[in-house]
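S.K.: Chains as they are written, first to last, in the numbering used here: chain A, 42 to 205; chain B, 173 to 271. Glycine is no exception: its CB is placed at the ideal position from the N, C-alpha and C atoms.
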Amino acid sequence: MKRQVKPLPKPKPKMTWLATSGTARGSFAGPINPLIAEYVRPDNTQQPQPEKKDALTPFYVPMVAKGTMEGGKPIHAAEIKTRGEFVNEAFGRGEFHKGGLASVYKFYLYAWLCLAATIILALFVNVYAAAIPAFLAGTFWSEKEVSVAWDIQWLKGKTLVHPA
Amino acid sequence: MDENPEQENIHLATVLADAKEPFLRMRTRWSYLESQLDTWKDFVRYRTAMYLFAVLGIISLFVAPIGAPLLLGLAAYYFHRKKHAHSLVISNRVVMVGH
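#1: Within the 8 Å Cβ cut-off, does Val267(B) reach chain A?
#2: Which class does Ile160(A) belong to by DSSP, given the choice of helix, strand or coil?
#3: Using a Cβ cut-off of 8 Å, pull out every chain A residue sitting near Arg253(B), in sequence order please.
#4: Hey, how far is the Cα of His183(B) from the Cα of Lys147(A)?
#5: Along the beta strand (DSSP E) that carries Val267(B), what are the first and last residues, could you check?
#6: Along chain B, in chain order, which residues have C-beta atoms closer than 8 Å to that of Asn129(A)?
#7: So which residues of chain C does Gly112(A) contact, with C-beta pairs closer than 8 Å?
#8: Just confirm the distance between the C-beta atoms of Ala131(A) and Leu205(B), as a whole number of angstroms; I'd bet it's less than 8 Å.
#9: Taking buried to mean at least 16 other C-beta atoms within 10 Å of its own C-beta, is Met110(A) buried or exposed?
#10: What separation, rounded to the nearest whole angstrom, lies between the Cα atoms of Trp191(A) and Gly140(A)?
#11: Which residues of the segment 140 to 164 of chain A have a Cβ closer than 8 Å to any Cβ of chain B? Give them in chain order.
#12: Would you call Gly229(B) buried or exposed, if buried means 16 or more other Cβ atoms sit within 10 Å of its Cβ?
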């Protein structure tokens, strides 16, 4: 009789209120903390495959690229740049509508500060004056979401080769 | 023979090498950034500490001079730690960014 090997049970991720644990997966709207947002790959339950080891895949580069990009820049399938240039471009300057990882940190903080200001103003000053930080909280939160989408999640689908 | 002596005579050859470890590693852009993130955060913290101790050291020169060498020394220490962390992240190591 063939011994049936049962797969190990998957550990259940423990969810905290603000999705701050390492295994938190987030909710429908996404976790409140964007920096631990994981790309949850869906399980292949219909056609399960045995787990494969990582293979050394060739890095395909097109040999002929006709035309130029906007501004006359040449089309490069792979850009050779230094780590400093790549990191500086990826972090950005934290400017509004310009993107970058700095924008994620900055506008996440600003949104929470504006939310606190909204509550304080509504309770102790004037409820109509609280509309201003409320509007800003929403603006900064959406700016953070867009930056998370383009500067974190989008980068999870792009390749990079570096010396080991 | 070379028809055009100015042009370099470049040939390609394939050599089988017994590489025990790969010297190039392919991963995602976010994975690479994530690996640099902790060092970057340390850089920001050391920079903050440097400014803080520099300001406190200058104030202590007038208020309590006995604490000035320590505070200014700490500012110098964190200046070097910041410089090192910055050089690790903003380095000239080459990466190939794919599309």
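M.R.: Checking against the coordinates, here is how it stands:
#1: So, interface residue.
#2: helix
#3: Those within 8 Å of Arg253(B) in chain A number zero; the least Cβ separation is about 18 Å.
#4: 53 Å
#5: Val267(B): member of the beta strand (DSSP E) spanning Val266 to Gly270, first to last residue.
#6: Ile262
#7: Any reference to chain C falls outside this structure, whose protein chains are A and B.
#8: 5 Å
#9: exposed
#10: For the pair Trp191(A) and Gly140(A), the Cα-to-Cα distance works out to about 8 Å.
#11: Leu142
#12: That one is buried.
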